[in-house]
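Protein chains: 2
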Amino acid sequence: MLRTHTCGELRLEHVNTDVILTGWVQTIRDKGGVLWIDLRDRYGITQLILDEGVANTTAIPSADLFSVARSLGREYVVKATGTVIERKSKNPNIQTGDIEIRLSNLEILNPAKLPPFLIEDETDGGDDLRMKYRYLDLRRNSVRKNLELRHKMAQQTRTYMDGQGFIEVETPVLIKSTPEGARDFVVPSRMNPGEFYALPQSPQTFKQLLMVSGFDRYYQIVKCFRDEDLRADRQPEFTQIDCEMSFIEQEDILNMFEGLVRHLFKTVKGIDMAEVPRMTYADAMRFYGSDKPDTRFGMRFVELKGTFDTVDLTSGKNFAVFDSAELVVGINAKGCAGYTRKQVDELTEWVKRPQIGAKGLIYVRYNEDGSLKSSVDKFYSEEELKHWVARFKSEGENFEPGDLMLIISGETGKARKQLNELRLEMGSRLGLRKADEFKALWVLDFPLLEWGEEEGRWFAMHHPFTSPKPEDIALIDTDPGQVRANAYDMVINGTEVGGGSIRIFQRDLQARMFDLLGFSPEEAKAQFGFLMDAFEFGAPPHGGIAFGFDRLCSIFGGADSIRDFIAFPKNNSGRDVMIDSPSTIADKQLDELKIKTVV
Amino acid sequence: MLRTHTCGELRLEHVNTDVILTGWVQTIRDKGGVLWIDLRDRYGITQLILDEGVANTTAIPSADLFSVARSLGREYVVKATGTVIERKSKNPNIQTGDIEIRLSNLEILNPAKLPPFLIEDETDGGDDLRMKYRYLDLRRNSVRKNLELRHKMAQQTRTYMDGQGFIEVETPVLIKSTPEGARDFVVPSRMNPGEFYALPQSPQTFKQLLMVSGFDRYYQIVKCFRDEDLRADRQPEFTQIDCEMSFIEQEDILNMFEGLVRHLFKTVKGIDMAEVPRMTYADAMRFYGSDKPDTRFGMRFVELKGTFDTVDLTSGKNFAVFDSAELVVGINAKGCAGYTRKQVDELTEWVKRPQIGAKGLIYVRYNEDGSLKSSVDKFYSEEELKHWVARFKSEGENFEPGDLMLIISGETGKARKQLNELRLEMGSRLGLRKADEFKALWVLDFPLLEWGEEEGRWFAMHHPFTSPKPEDIALIDTDPGQVRANAYDMVINGTEVGGGSIRIFQRDLQARMFDLLGFSPEEAKAQFGFLMDAFEFGAPPHGGIAFGFDRLCSIFGGADSIRDFIAFPKNNSGRDVMIDSPSTIADKQLDELKIKTVV
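Top to bottom, those sequences are chains E and Y. The opening position of the first sequence corresponds to residue -10 in my numbering, with each subsequent residue numbered one higher. The opening position of the second sequence corresponds to residue -10 in my numbering, with each subsequent residue numbered one higher.
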């Protein structure tokens, strides 16, 4: 090694040791004949010193040495030789703050141009500049720490999975394009002109075949690919923790992977996570209007329809909007009774934005003096509003003096979606969504199918290999939309981090499912014949799960974006602006592949 | 879990325990009212028994139970409930051979068609059938053990690398096509019509950028891709252990990765491997005629040109073939003096085959009586031949009574290549290449460049980022072919398992290299501008290595083929015959990608 120690290693006990350090020049200060250099590497920062007035171990530093040192710029790569001495004014902010290195030699290994932005925690580079010079951005502490976290997450995932008897098996990247699911990236085959490989959206069929092979417990940390229009924070290539088990029931999967998540929290974050609560899809929708509720805070939905069914409305007036709505549903914004009219109007405008799309927002304010004031006072008397208060109480959401009730009405699906957005917004405004608090949740019993209005057919909500609940199988013929799946998602802080299902392992049921999804028998055979064949040669009951690894890392890192947990991410147009990819290729390549571009 | 134990778990201590096992029916024997079933899973085999004559813990087995058992076929998936009992005739060949399970219930979880080949160590399926039904092939012990070995190799690689402070960083799979090196697989970009990503042949530039970023020690077990015509045992997608270090010299890399290989041998095979010897490329070529010599055996080359320079040839005759040859080189086939004329003729024919291409083969036989007999007796007297014997001796290759000298002559490169083949063949015939013996070797000081006769230009022997030896840099302008690189290969048992180099980290030298390789400044900038730019912002000295992981696993597994160490390999036409890929894709997909096939 060109160095004897790293820049994060030296302590008081090393005083008088002769050392060689290598690294990047972070800063230089030159004052009154004394020169300080902060030298940085992955491990830390060490201060180097050159002092005209102080005798070196051998001699006064030479003029040459000063001249080399004064020629340095930020980010120069140097090799510094010297002796560890105790520092007069210690720096408690860095681990090497008790010592410094009195230089006896300094060699420039590589000079550096001034970087386009400062290599510091708070950078002055915008996103575009940071992406173009990603190799400089990666020098920043905060970004490097994210990738170190990611490495630790992968290590601990493997430690847990290996400990549970899982085998990591690599599945192929060049596979076959299938029509179901998202759009595939494809790869023209030169040796088979006119034909294409596809990059896997997940190793789903391969891991199921491994179960048919008897591998019993499989996992893989694996790259997957989806050619979809990139919304913020989606990447065309992403990484999954992909898992599958045989001879299990849903309960076994839930326990095994709750174990994984708790192991990760314990070993990576030092957090003892409580047992992960479970909620059905139906309840998640009813109480949170979302299949991935943020359970760091309560503020559960209370449905108000029917409150007055047994009440003789003294005011004699009905509120037509509510009476005609499929759903009237509210939340209790705790302690928000003090919201001004302006603030409530602003909230109303917020839910009426096109992204949310609510028609309006009704509120009830519970004043500190015990009186109720609402935006529907002309329809309901104070006495009548108390029925809502009672309904909230009976649902465990105490609405008390000082609180603000926010109500949305309309078609059930839309109203829930809108109130979900409002709930999350109020949670943020009230500081209830803390970055350093972690609440996990299993969501269970998803519907097997969802209706595609546009296509006029059923789609698999999870994927076509998901098994229906045995007790619901009869409904497949009579009421497919009511069939529940043996499918489950893990949600942390309102983000879906993983999902999976118990799989179909019988050929007949799998064929029935393809039929339901609009595959002709020929199409099913052409696309998935190998899997259905495999089911005939002794397929065990099996199921699995996949976690989004990039997302899981970002949640553990307390960040919203996954980009900074990926070493070399692509931008929203799918471009790597650093290497300038994708790019045109040579005509010779196109000719060999027997394809033509038609742009 | 559907089971209480696995099929490899039960021992005498479990006798009288009620258990539930799941697995595949391996065999059924039905004899005299007793029925034995061998039940198999990944963990082992357990014998189940049903005996009409023996009282069960609860009752005589029911007729129903017998009827279910008798309906079973090979590879049925079953759930067996029963009690562990001691076996009368123990089976020492299996770990559960002391016990069997007296059945109380048997449930068929999934029936199975008769598999197209037997699921046994020695299969009766040909390669084609095995590939088509790979999920059945993977059930065989031997194939499963290969993948378990692979898992262990990956685990131990990570244990070592993590322990040495390396960080595993995922680099992108969708990158940019570059002209240098092998053919790229490309991926049309839908969002950037007319443009393509390429799949990486290695993460070379990305790992170098990580060094520029200060990551200091990087590794990754990573899929790479090459669209080359597939020779036997090459796969279009393969896996590398990819590594890079900063602030190092070649010696540091050699020590670090010799450490990795020794760690793997120790932990995976229980073998204490000796220190890895080193040899220059020049010596490897001179002594073995190969840059990847199999050093499990000696039989080193001895060059014979010039033997008679100071000798007065008493016979007065010259052998024109040798006199005009650039190289005359022989090996000592120890103990082969007894080869018959027919055997020697057969060897001569062997080296004259087109694959080898030798013009002929000269032999000298050292008879047990001390006389020498050669195929060039009419040119050289016995006394003169003794000069060859002396030359062998002075080179440390004692040629003694009972030995057979085999000599090839011609143009240096060709003669070496031919004798290399012959040496390996003789090593095999003499049983010197044992599958359970492992000899590693570092080959060093490769030439930096090789001349492409057809293209009329220099090519990088390793890759364009490899640094020349500092002492040879001056030769770049005067005699490029003589420049040695800081490049190294690790060879085990005659197979190159890894290779790497110290990299160029200065922009000017990198630009000079591209120039030498025929890149115009514009081409160099377009293809590798980002890397040369990065070198200007403070690049540290760095270098690395990559190991072929599939190949390494096959060597550890004592096998010649890498295919059985890959879960789902492709055949020689790049096809996955199981899933039938590649395949045509929908016109809609082509339209969206703005490409057309022109077949």
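Idealized CB from N, CA, C, for every residue including glycine.
| Asked | Found |
| --- | --- |
| Can you list, in chain order, the residues of its chain with a C-beta nearer than 8 Å to that of Phe554 (chain Y)? Leave out the 5 residues immediately preceding and following it. | Asn135, Leu136, Leu138, Arg139, Asp539, Cys542, Ser543, Gly546, Ala548 |
| Since Arg446 (chain E) is in the beta strand (DSSP E), which residue starts that stretch and which ends it? | 446 to 449 |
| Please name the residue in Y:Val158, Y:Gly532, Y:Phe519, Y:Ala528 whose C-alpha comes closest to that of Tyr122 (chain E). | Y:Phe519 |
| At a cut of 8 Å, does the region 521 to 528 of chain E reach the region 471 to 480 of chain E through at least three beta carbon pairs? | no |
| By the DSSP assignment, the alpha helix (DSSP H) with Cys542 (chain E) in it spans what residues? | 538 to 545 |
| Check distances from the C-beta atoms of the region 203 to 218 of chain Y to those of chain E and list, in chain order, the residues that come in under 7 Å. | Gly203, Phe204, Asp205, Lys212, Asp216 |
| Return the CA-CA distance between Ala52 (chain Y) and Leu39 (chain Y), expressed in angstroms with no decimal places. | 11 Å |
| Please state whether DSSP places Val486 (chain E) in a helix, a strand or coil. | strand |
| Which residues in chain Y sit within 7 Å of Arg31 (chain E), going by Cβ to Cβ distance? | Gly203, Phe204, Asp205 |
| Flag Ala44 (chain E) as yes if its beta-carbon sits less than 7 Å from any beta-carbon of chain Y, otherwise no. | Because the pLDDT of Ala44 (chain E) is 49, which lies under 50, any placement of that residue in the model is unreliable, and the number read from its coordinates should be weighed accordingly. Answer no: the Cβ-Cβ gap between Ala44 (chain E) and chain Y never drops below 7 Å. |
| Would you mind listing the beta strand (DSSP E) stretches within the region 365 to 446 of chain Y that are 3+ residues and don't spill past its ends, in chain order? | 393 to 399, 429 to 433, 438 to 441 |
| Just to make sure I have the definition right: I need the residues of chain Y whose C-beta is within less than 9 Å of the C-beta of Trp13 (chain E). Which are they? | Gly203, Gly527, Pro529 |
| What residue does the beta strand (DSSP E) around Ile242 (chain E) start on, and which one ends it? | No beta strand (DSSP E) contains Ile242 (chain E), which is instead part of the alpha helix (DSSP H) from 239 to 253. |
| Please classify Thr46 (chain Y): does DSSP put it in a helix, a strand, or coil? | Low confidence applies to Thr46 (chain Y): its pLDDT is 49, below 50, so where it sits in the model is not reliable, and the reading given next is rough at best. Coil. |
| Kindly list the residues whose CB is nearer than 7 Å to the CB of Ile589 (chain E), restricted to its own chain and excluding five residues on each side of it in sequence; keep chain order. | Examination of residue 589 (chain E) is not possible in this model, given that chain E is present from -10 through 588 alone. |
| When you compare each of Y:Val14, Y:Ser202, Y:Phe246, Y:Leu61 to Ile534 (chain Y) by their alpha carbons, which one comes out closest? | Y:Phe246 |
| Can you pull the DSSP bridge partners for Cys213 (chain Y)? | Y:Phe227 |
| Do you know how far the Cα of Ser56 (chain E) is from the Cα of Ala44 (chain E)? | Any reading at Ala44 (chain E) must be qualified, since the residue scores a pLDDT of 49, below 50, and its modelled position is unreliable; the value itself is stated next. Going by the C-alpha atoms only, they are around 17 Å apart. |
| By the three-class DSSP mapping on this structure, what secondary structure does Met567 (chain Y) have? | coil |
| Just the chain E side, please: which residues come within less than 8 Å of Thr573 (chain Y) by C-beta, in chain order? | Gly183, Glu184, Phe185 |
| Here's the rule: buried if 16 or more other CB atoms are within 10 angstroms of the residue's CB, otherwise exposed. What is Trp431 (chain Y)? | buried |
| Thinking C-alpha only, which one of Y:Trp440, Y:Gly488, Y:Pro558 is nearest Gly507 (chain Y)? | Y:Trp440 |
| Kindly list the residues whose CB is nearer than 8 Å to the CB of Pro182 (chain Y), restricted to its own chain and excluding five residues on each side of it in sequence; keep chain order. | Leu582, Lys583 |
| By how many angstroms is the C-alpha of Ser363 (chain E) removed from the C-alpha of Val318 (chain E)? | 15 Å |
| With DSSP run on the structure shown, which of helix, strand or coil describes Tyr208 (chain E)? | strand |
| Taking 6 Å as the cut-off, is the beta-carbon of Asn82 (chain Y) closer than that to any non-hydrogen atom of the ligand PLP? | In the structure shown, the ligand PLP is absent, as is every other ligand, since no ligand is present at all. |
| Are any of the Cβ atoms in chain E nearer than 7 Å to that of Pro510 (chain Y)? | no |
| What are the boundary residues of the beta strand (DSSP E) that includes Ala187 (chain E)? | 185 to 187 |
| Check distances from the C-beta atoms of the region 91 to 122 of chain Y to those of chain E and list, in chain order, the residues that come in under 7 Å. | Leu98, Asn99, Ala101, Lys102, Pro104 |
| Spatial neighbours of Glu444 (chain Y) within its chain, please: CB distance less than 6 Å, with the 5 preceding and 5 following residues excluded, ordered by chain position. | none |
| Here's a check: name, in chain order, each residue in its chain whose Cβ is nearer than 7 Å to the Cβ of Ala628 (chain Y), leaving out the five neighbours to either side. | Because chain Y in this structure spans residues -10 to 588, residue 628 (chain Y) falls outside the shown range and cannot be described. |
| Which residues in the same chain as Ile242 (chain Y) place their Cβ atom closer than 8 Å to its Cβ, once the five residues preceding and following it in sequence are excluded? | Met234, Tyr477, Gly489, Ile491, Gly532, Gly533, Ile534 |
| Looking only at its chain, what residues have a beta carbon closer than 6 Å to the beta carbon of Asn94 (chain E), apart from the 5 residues adjacent to it on each side? | Thr70 |
| Grouping DSSP H, G and I as helix and E and B as strand, with all else coil, what is Met200 (chain E)? | helix |
| Does Leu92 (chain Y) come out as helix, strand or coil in the three-state DSSP assignment? | strand |
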